[in-house]
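Numbering (our numbering), first residue to last: 1462 to 1879.
What follows is one structure encoded as structure tokens, with my remarks underneath.
Structure follows, in structure tokens:
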């Protein structure tokens, strides 16, 4: 009977159970290879794969509330639409899980990187590095992006280099970083927090993906060049600079992680380890060094991008603030694409493609949603058709006891109990 049930599950489930079991084993091996060397803790633990299209889930262990059923070496179940399916770490049914969306990457190195990234997030509070998500709106500005991308280029040159060539490129990267941070008062603190939070997760993923340090550095050098093309860097930057600084730190001080704390600055640690002094940097010095990285071309590129950004923000303002809109109360329980985040101060941030799960129900959108900086309110453009619960790029599913009512302005809608 048990065998028959397992065969039935394998035939109707959207996740291949044999493949899932293999991926769990790969993650276990990656963790065993690390053996606590990176953080003094076991990385692999409760892990859950979720298909966001069907709600099917496969886990490597049981939950505390009996929602999962044993199926061979794995455990299966289903989650409701309100489940915040994302690559993340979260508490669910009495267990702290690493959650990864199905399907996983095809290449083993990419799978291990992703699973170990989320495994680090699951244990980060236990190792004294609790989550710290900060706003880095300045990295969507023209000057912020120019000097971040200059830093990218210098880091990409430093990562595979040796000796004086590496030290010169590192000095340039730290100079561009210092100049950028001098332009924005809270930049240093906010960037540092994100580089510990997301940067160390990605660094861990790369280190535990089967790559050597040398291979990891070459990999990051290429990725910095490729990912400089991303339309939004305000959140995604830490996935690049964090592991870049971490892999370079490994070249100078194998014990640097032991002193890491939530307020650490990876760039300051590297500057000290590499004996590079960077003082106050003015625009002339930064621009002079930028010449070695095709700086004029980058400035021209970002000037054009900033003009397009101004037009886009104007459109967002017209549709999400000035025009008819649907208002939804929020508690910050939402998933989003870190590569499509657009600050719109002072109102909040626009996310392209998101899923909000709240007590009133679920909002799924492939287009823009505006969320205020306190994560208490969110807005989408009001539906233009006869159904106010379905817009051009979003769909609203309300829980029982909730309804849509007209808002304070003509054409506005909002959610209310009743």
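Using N, Cα and C, we set each Cβ at its ideal position, and we do this for glycine too.
Values in this document were obtained by computation on a predicted structure and should not be read as measured data.
On the three-pair Cβ rule with 8 Å, is the stretch 1521–1531 touching the stretch 1592–1602? As far as the Cβ criterion goes, the stretch 1521–1531 does not touch the stretch 1592–1602, which means the pair count is below three.
Could you spell out the range, first to last residue, of the beta strand (DSSP E) harbouring residue 1531? For the purposes of this step, residue 1531 is identified with residue 70 of the chain shown, where counting begins at 1. From DSSP, the beta strand (DSSP E) with residue 1531 extends over 1530–1532.
Around the C-beta of residue 1779, are 16 or more other C-beta atoms found within 10 angstroms, so that it is buried, or is it exposed? As a working mapping, residue 1779 is identified with position 318 in the chain shown. Exposed, because fewer than 16 other Cβ atoms sit within 10 Å of the Cβ of residue 1779.
Would you say residue 1495 and residue 1504 are within 8 Å of each other, going by their C-beta atoms? On the chain shown, position 34 is the one that residue 1495 refers to. On the chain shown, position 43 is the one that residue 1504 refers to. Cβ distance < 8 Å, so residue 1495 and residue 1504 count as in contact.
Is the beta carbon of residue 1562 less than 8 Å from the beta carbon of residue 1511? By one-based count along the chain shown, residue 1562 stands at place 101. By one-based count along the chain shown, residue 1511 stands at place 50. In this structure, residue 1511 lies closer than 8 Å to residue 1562 by Cβ.
CB-CB under 8 Å to residue 1870, same chain, minus the five flanking residues each way: which ones, in chain order? The count along the chain shown starts at 1 and reaches residue 1870 at position 409. In its chain, beyond the 5 residues on either side, 1785 have a beta carbon closer than 8 Å to the beta carbon of residue 1870.
Quick check on the DSSP output: the beta strand (DSSP E) that includes residue 1893 runs from which residue to which? Outside the modelled stretch of the chain, which goes from 1462 to 1879, sits residue 1893, for which no answer is possible.
Residue interval of the beta strand (DSSP E) (run including residue 1704): Against the chain shown, residue 1704 aligns to sequence position 243. Secondary structure note for residue 1704: it is in no beta strand (DSSP E), and the uninterrupted alpha helix (DSSP H) holding it is 1699–1713.
Scan the stretch 1629–1694 and note each continuous alpha helix (DSSP H) run of 4 residues or more that stays entirely inside, going in chain order. Segments of the alpha helix (DSSP H) lying fully in the stretch 1629–1694: 1648–1655, 1661–1668, 1674–1688.
Euclidean distance between Cα positions of residue 1555 and residue 1544: In the chain shown, the residue the question calls residue 1555 occupies position 94. In the chain shown, the residue the question calls residue 1544 occupies position 83. Between residue 1555 and residue 1544, the alpha-carbon positions lie close to 15 Å from each other.
Taking one C-beta from the stretch 1822–1838 and one from the stretch 1855–1863 each time, how about it: are there three or more such pairs within less than 8 Å? Taking 8 Å as the limit for Cβ pairs, the verdict is that the stretch 1855–1863 does touch the stretch 1822–1838.
Does the beta-carbon of residue 1568 have 16 or more other beta-carbons within 10 angstroms, so that it is buried, or is it exposed? To locate residue 1568, count along the chain shown from 1; it is residue 107. Counting Cβ neighbours within 10 Å, residue 1568 comes out exposed, since fewer than 16 surround it.
Measuring straight from C-alpha to C-alpha, what distance separates residue 1615 and residue 1832? Walking along the chain shown from the start, residue 1615 turns up at place 154. Walking along the chain shown from the start, residue 1832 turns up at place 371. Distance between the alpha carbons of residue 1615 and residue 1832: 34 Å.
Using the Cα positions of residue 1620 and residue 1557, report the straight-line distance between them to the nearest angstrom. Mapped onto the chain shown, residue 1620 falls at position 159. Mapped onto the chain shown, residue 1557 falls at position 96. Their backbone Cα atoms lie some 35 Å apart in a straight line.
Measuring CB atoms only, is the stretch 1646–1653 touching the stretch 1470–1489, in the sense that at least three cross pairs come out at less than 8 Å? Segment contact: the stretch 1646–1653 against the stretch 1470–1489, fewer than three CB-CB distances shorter than 8 Å; contact not assigned.
Could you tell me if residue 1758 is buried or exposed, where buried requires 16 or more neighbouring beta carbons within 10 angstroms of its beta carbon? Within the chain shown, residue 1758 is the residue found at index 297, counting from 1. Answer is exposed; the Cβ neighbour count stays below 16.
For residue 1747, the nearest candidate out of 1622, 1640, 1596, 1845 (CA to CA): In the chain shown, residue 1747 corresponds to position 286, counting from 1. The residue with the shortest Cα to Cα distance from residue 1747 is 1640.
Is the separation between the beta-carbon of residue 1538 and that of residue 1529 shorter than 8 Å? Mapped onto the chain shown, residue 1538 falls at position 77. Mapped onto the chain shown, residue 1529 falls at position 68. Yes, they are a contact pair.
Evaluate contact between the stretch 1730–1749 and the stretch 1795–1804, counting only Cβ atoms and requiring at least three cross-stretch pairs below 8 Å. Per the Cβ contact rule, the stretch 1730–1749 is not in contact with the stretch 1795–1804 (fewer than 3 Cβ pairs under 8 Å).
How far does the alpha helix (DSSP H) with residue 1577 in it extend, from its first residue to its last? Taking the chain shown and counting its residues from 1, the one referred to as residue 1577 is at position 116. DSSP places residue 1577 inside the alpha helix (DSSP H), whose first and last residues are 1569–1584.
Reduced DSSP category for residue 1851 - H, G, I as helix; E, B as strand; rest coil: Translated into the one-based positions of the chain shown, residue 1851 becomes position 390. Correct three-state label for residue 1851: strand.
Is DSSP giving residue 1875 helix, strand or coil here? Walking along the chain shown from the start, residue 1875 turns up at place 414. The answer is strand: DSSP assigns residue 1875 an E or B state.
Residue 1789 and residue 1817 closer than 8 Å at C-beta: The residue labelled residue 1789 in the question sits at position 328 within the chain shown. The residue labelled residue 1817 in the question sits at position 356 within the chain shown. It is a contact, given that the beta carbons lie within the stated cut-off.
Residue 1606 and residue 1728: beta carbons closer than 8 Å? Taking the first residue of the chain shown as 1, we reach residue 1606 at position 145. Taking the first residue of the chain shown as 1, we reach residue 1728 at position 267. No; because the gap between Cβ atoms is not below 8 Å, this pair is not in contact.
Below 7 Å CB to CB, which residues in the same chain sit around residue 1634 once its five sequence neighbours on both sides are set aside? What you label residue 1634 is simply residue 173 of the chain shown in a count that begins at 1. If we look at residue 1634 and ignore the five residues flanking it on each side, its Cβ neighbours are 1612, 1615, 1616, 1619.
What does the alpha-carbon distance come out to for the pair residue 1588 and residue 1502? Counting from 1 along the chain shown, the entry for residue 1588 is found at position 127. Counting from 1 along the chain shown, the entry for residue 1502 is found at position 41. One Cα belongs to residue 1588, the other to residue 1502, and the distance between them is close to 8 Å.
Taking residue 1559 and residue 1531 to be in contact with their CB atoms under 8 Å, please state how far apart those CB atoms are, rounded to whole angstroms. The residue you call residue 1559 lines up with position 98 of the chain shown. The residue you call residue 1531 lines up with position 70 of the chain shown. Their Cβ separation, rounded to whole angstroms, is 20 Å, which puts residue 1559 and residue 1531 out of contact at 8 Å.
Rank 1686, 1787, 1841 by C-alpha distance to the C-alpha of residue 1811 and give the top, closest one. What you label residue 1811 is simply residue 350 of the chain shown in a count that begins at 1. Of 1686, 1787, 1841, the smallest CA-CA separation from residue 1811 is found for 1841.
For the structure I just gave you, are there three or more beta carbon pairs, one from the stretch 1669–1689 and one from the stretch 1568–1578, closer than 8 Å? With the cut-off at 8 Å, the stretch 1669–1689 and the stretch 1568–1578 touch.
Assuming residue 1845 is part of the beta strand (DSSP E), what are its boundary residues? For the purposes of this step, residue 1845 is identified with residue 384 of the chain shown, where counting begins at 1. Element bounds for residue 1845: n/a, residue is neither H nor E.
Going by Cα to Cα distance, which pick from 1628, 1481, 1551 is closest to residue 1710? Position 249 of the chain shown holds residue 1710. The shortest Cα separation from residue 1710 among 1628, 1481, 1551 belongs to 1628.
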